[in-house]
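J.: Submitted below is the structure of interest, expressed as structure tokens.
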Amino acid sequence: MAKVLLDSTFLLPTLGIMVEDVEDEELRLMIRLRDRVEYYCLNHSLIEVLGKVARCIVRDPHVLDIIKIGLRSLLESGTYRWINPNVQASLIALELRVKGHRDMIDNMLYAAAMTGNMYLLSKDDALLRFLKNNSYDTSFIVQVKELVKILEK
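If you count the sequence shown from 1, you need to add 104 to reach the numbering used here.
Here is the structure:
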């Protein structure tokens with residue numbers, strides 16, 4: 105089974121929050137892949153997700169019921185494995201920050217995927233650009249359709 109670490113962008117739809125960058129087709133493909141992948145989430149991503157969720161609740165308090173169901177799915181369904189970064193990943197994330205990439209959640213995601221031999225499912229062009237400009241390995245950062253092709257080989 106392939107191990108896939110999810111960027112928070114891919115967690116938000118489970119909470120009923122639609123993201124412009126994530127197409128319905130991609131979500132359907134991710135569901136189809138469940139028998140071939142293990143989806144991992146960084147505990148740190150939950151902080152980022154809850155911040156975005158809070159803004160939605162402020163705008164529309166009625167979404168809270170949907171969010172409760174989504175949180176149960178994320179945290180209790182067993183579909184997602186929640187992990188913490190190890191020391192090596194933390195040091196790599198810190199190195200990225202020192203070199204100029206300010207988003208520590210993204211830095212942690214990259215480092216955890218790299219040290220955990222996982223694919224990183226991310227649509228973060230700024231992170232990808234930074235990594236390439238600084239000669240970091242980006243071969244394991246994928247989009248949903250790329251992941252499908254990789255797993256069909």
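Glycine included, every Cβ here is placed at the ideal spot set by N, Cα and C.
Tell me whether residue 147 is buried or exposed, calling it buried when 16 or more other Cβ atoms sit within 10 Å of its Cβ.
T.: exposed
J.: Which stretch, first to last residue, makes up the beta strand (DSSP E) that contains residue 107?
T.: 106-110
J.: Report buried or exposed for residue 152, applying the criterion of at least 16 other Cβ atoms within 10 angstroms of its Cβ.
T.: buried
J.: In angstroms with no decimal places, state the Cα-to-Cα distance between residue 201 and residue 212.
T.: 10 Å
J.: Can you name the start and end residues of the alpha helix (DSSP H) that residue 123 belongs to?
T.: Unbroken run through residue 123: none, as it is neither H nor E.
J.: Can you name the residues that DSSP bridges to residue 313?
T.: With the chain covering only 105 through 257, there is no way to say anything about residue 313.
J.: What number of angstroms, rounded off, separates the C-alpha of residue 198 from the C-alpha of residue 246?
T.: 22 Å
J.: Based on the DSSP secondary-structure assignment, which residues constitute the bridge partners of residue 185?
T.: 144
J.: Would you mind reading off the limits of the beta strand (DSSP E) that contains residue 224?
T.: 223-225
J.: Cα-Cα, which of 170, 228 and 175 is closest to residue 242?
T.: 228
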